[in-house]
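Protein sequence lines, in the order shown, are assigned to chains A and B.
Going by our numbering, the first residue of the first sequence is number 768, and it counts up by one from there.
Going by our numbering, the first residue of the second sequence is number 39, and it counts up by one from there.
Even glycine gets a Cβ: it sits at the ideal position worked out from N, Cα and C.
Source: prediction; values computed, not measured.
Data first, discussion second: the structure below is written as structure tokens.
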Amino acid sequence: MAHEETVYDALDTAHGGEGQWAFGTGFDDPLAGVDTTVPDGVDAADLGAYCLMLGDDALVLCQRLTEWATRSPELEEEVAIANCGLDLLGQARLLLARAGSAGVLGRSREHATDSIPDEDALAYFRDADEFVHHHLVEADGGDFAQTMVRLLVASTFRLALFAQLRESRDPVLSAIAAKGVPELTYHRDHAARWVLRLGDGTPESHRRAQAGVDAVWPLLADLFTATEVETRLTAAGVAVDPAGVREEVRGVLTMVLERATLAVPPWPTERPSPGRAGQHTAELAPLLATLQGLAREHPAATW
Amino acid sequence: MSAVLTDPRDVAGTVTDPELPMLTLADLGVLRDVRTAEDGTVVVTITPTYSGCPAMGVMRADLVHALHRAGFADVDVRTVLSPPWSTDWISEDGRRKLAEGGIAPPGHAPVRAAGPVPLSLGPTRRTASCPLCGSADTEELSEFSGTACKALRRCRTCREPFEHVKEI
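And the structure:
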């Protein structure tokens, strides 16, 4: 057979010689060679729905973080935020691919052609009411202080879940969680140091950090009530009941805010997450327009 | 063109990392396994450094490319996610090559215990000697750098900035 002469030929051959799907990386299946058999006694639809929840939380927060590209207060911080976003995008990609391998694709395939991988179909071709992330991650990021408070809350919650998900009975989910834990540890430490620096900084930085806390805090209300899917999967040893990480999250956040000389608002009245049910705020539509516009404008484009 | 290598492990062992070209994928600990299946297919197993590592596609293509050139027609590159990659898997040779390339190699990775992960609020205690002048008097500029796996530091002695592969 003819052998490739450049790596670009190799990439092209790997994709059937027809160029690359333009919007995802398209080069490879992120779960290539991973055994994606759903474990015995686990409902595939539930598993896929759960991976979608965790994947959407990461995808949407990544999109909010990337809004800081070219706008960060300093170059090093821009790189840091982009790196956190990239880690989350990687987690989202694996989780959406896992949802696809479990057969959960929603209505995405009504728009996405067969050549588009599952994770890209889910990211680019679902409508707002099919996204199941918490409102915490879709809310407008506000200023830099609010962005760091939100990153602190979101990474504290996600790290607490992932630390327990390392023991999930689904080996793919368990592996994704084990990879994510050290990444999320970096994100949480980074955000916590900024909240400390801003809260215990100048009167202006303190004022902004406190305003960020006050804006983000009510969104904690949605995080700790399990959906029916989470309840069933927790019983099956696959998922983590979010109520079980409440005290850890509260403890970490309280410690950081107190050290940062910031007032800890009263704990919000908890409620089932509207986001997990596909109900979103008006802030999601423009976010999705930015995320999905190009892929929908030029479906199945290759380069 | 160099002599054809006959062992697929030797061939895969020559493939370098696209972002740290001074290292082979084997030095980096990303190349986990190379074996030949009964039907003659060379099965290569790799693992990503970080979940979002954008270089996985290029790594896969580079491995297939190198093995094809060496005469192995059927190559299957598989991904393994578990156990997660750790900087402890970077070989001694790899650490030396990093330092020679101006990048400070990582220290020991933090122990990953089960249960909740403790928060660290203080300045990072990570240390790294300057790969350019050898001084131990260096400071961290940012925990994140041009790629996910590196932090940015500066040497207080020779004043040069440098990258540091951070422990994970």
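Within chain B, no residue has its CB atom less than 8 Å from the CB of residue 883 of chain A, the nearest being about 16 Å off. Rounded to the nearest whole angstrom, the CA to CA distance from residue 140 of chain B to residue 1023 of chain A is 36 Å.
Residue 1014 of chain A has a beta carbon lying at 7 Å or more from every beta carbon in chain B.
Within the segment 853–866 of chain A, the residues whose Cβ lies closer than 8 Å to some Cβ of chain B are 853, 854, 855, 856, 857, 858, 860, 861, listed in chain order.
A Cβ-Cβ contact shorter than 7 Å links residue 937 of chain A with residue 806 of chain A. Cα atoms of residue 126 of chain B and residue 136 of chain B: separation of roughly 14 Å, rounded to the nearest angstrom.
Assigned with DSSP and collapsed to three states, residue 202 of chain B falls in strand. Between residue 87 of chain B and residue 1014 of chain A, the alpha-carbon positions lie close to 31 Å from each other. Looking at the DSSP output, residue 69 of chain B shares a beta bridge with B:84. Residue-level contact check: residue 967 of chain A does not touch chain B, since none of the beta carbons of chain B fall below 7 Å from its beta carbon.
By alpha-carbon distance to residue 986 of chain A, the top candidate from A:904, A:867, A:891 is A:904. In its chain, beyond the 5 residues on either side, 62, 63, 100, 101, 104 have a beta carbon closer than 7 Å to the beta carbon of residue 53 of chain B. Using a Cβ-Cβ cut-off of 8 Å, residue 116 of chain B is close to 799, 800, 801 of chain A, given in chain order.
C-alpha of residue 840 of chain A to C-alpha of residue 206 of chain B: approximately 27 Å in a straight line. Distance check between residue 76 of chain B and each of B:112, B:188, B:171 places B:112 closest, using alpha-carbon atoms only. Excluding its 5 nearest sequence neighbours in each direction, residue 67 of chain B has C-beta neighbours in its own chain below 6 Å: 127, 128, listed in chain order. Below the 7 Å Cβ cutoff, chain A contributes 846, 847, 850 as neighbours of residue 182 of chain B, in chain order.
For the set A:896, A:886, A:815, the Cα lying nearest the Cα of residue 1041 of chain A is the one of A:896. By the CB criterion at 7 Å, residue 1061 of chain A and residue 813 of chain A fall outside the cutoff. Counting of Cβ neighbours within 10 angstroms places residue 173 of chain B among the exposed residues, the total staying below 16. Considering only beta carbons, the part of the segment 184–199 of chain B lying closer than 9 Å to chain A consists of 184, 185, 186, 190, in chain order. B:90 is the residue among B:151, B:90, B:184, B:96 whose C-alpha sits nearest the C-alpha of residue 829 of chain A. Taking a C-beta cut-off of 8 Å against chain A, none of the residues of the segment 42–76 of chain B qualify. Not flagged as an interface residue toward chain A: residue 172 of chain B, since no C-beta distance is shorter than 7 Å. The beta-carbon of residue 149 of chain B is placed no less than 7 Å from the nearest beta-carbon of chain A. DSSP places residue 839 of chain A outside any beta strand (DSSP E), giving it a letter other than H or E. Under DSSP, the beta-bridge partners assigned to residue 178 of chain B are B:191. DSSP places residue 142 of chain B in the strand class (E or B) of the three-state scheme. Looking from the CA of residue 1043 of chain A, the closest CA among A:1002, A:962, A:883, A:816 belongs to A:816. Closest in C-alpha terms to residue 116 of chain B, from the list B:94, B:203, B:107, B:46, comes B:94.
Chain-ordered, the chain B residues with CB closer than 7 Å to the CB of residue 947 of chain A read 89.
Looking from the CA of residue 80 of chain B, the closest CA among B:44, B:56, B:58 belongs to B:44.
At least 7 Å separates the beta-carbon of residue 871 of chain A from that of residue 1003 of chain A.
7 Å or more divides the Cβ of residue 847 of chain A from the Cβ of residue 200 of chain B. For residue 141 of chain B, the closest Cβ of chain A is not nearer than 7 Å. Annotated as distal: residue 939 of chain A and residue 820 of chain A, with beta-carbon spacing of 7 Å or more.
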